[in-house]
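The structure appears right after this line, and notes come after that.
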Amino acid sequence: MYSALLIIGITVLSAFIASIAQYIFKKNLPRFKANVRELIRVFKNKWIVFGAFMYFIALPIYLFALDNGALSFVYPTFASSFIFVLLFSKFGLGEKIGPVRIIGVLLVVLGIAIVAMTF
Numbered sequence: 251m252y253s254a255l256l257i258i259g260i261t262v263l264s265a266f267i268a269s270i271a272q273y274i275f276k277k278n279l280p281r282f283k284a285n286v287r288e289l290i291r292v293f294k295n296k297w298i299v300f301g302a303f304m305y306f307i308a309l310p311i312y313l314f315a316l317d318n319g320a321l322s323f324v325y326p327t328f329a330s331s332f333i334f335v336l337l338f339s340k341f342g343l344g345e346k347i348g349p350v351r352i353i354g355v356l357l358v359v360l361g362i363a364i365v366a367m368t369f
């Protein structure tokens with residue numbers, strides 16, 4: 251069995267990589283209509299493919315954490331992706347992040363800390 255700190259680190263790494271994928275999708279997703287031709291055009295976008303690849307990289311890392319830790323511990327820790335997405339949204343996309351969202355993410359961090367203490 252691996253230490254809680256290692257499981258947390260691996261889970262957070264997976265969440266970080268998945269958050270990069272989300273950022274890539276948002277930054278590079280062209281506006282499209284809901285039809286097959288447009289969907290094919292989206293999947294031909296090299297950045298969308300790269301974002302999907304990032305998810306592909308995150309998956310085995312997450313599965314390793316899940317295999318070596320309890321689902322009730324690993325999945326809430328994966329919620330650290332909310333922190334990364336908030337930061338990417340603010341600094342990468344220039345989105346305005348209000349105080350309510352910041353408080354919400356801080357509550358997620360508090361929840362992760364509480365869950366981490368139970369490992």
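Numbering (our numbering) for the sequence shown: 251 to 369. For each residue, glycine too, the CB sits at the ideal point set by N, CA and C. As the structure is a computational prediction, the values presented were derived from the model and not from experiment.
Rounded to whole angstroms, Ile362 and Ala254 show a C-alpha spacing of 13 Å. Straight-line spacing of the CA atoms in Ala315 and Ile258 works out to 8 Å. Scanning its chain for C-beta atoms nearer than 8 Å, with the 5 sequence neighbours on each side dropped, one finds around Thr368 the residues Phe323, in chain order. Around the C-beta of Met304, 16 or more other C-beta atoms lie within 10 Å, and the residue is accordingly described as buried. Assignment of Lys346 by DSSP, reduced to helix, strand and coil, places it in the coil class. Under the DSSP assignment, Lys277 falls in the alpha helix (DSSP H) whose first and last residues are 254-278.
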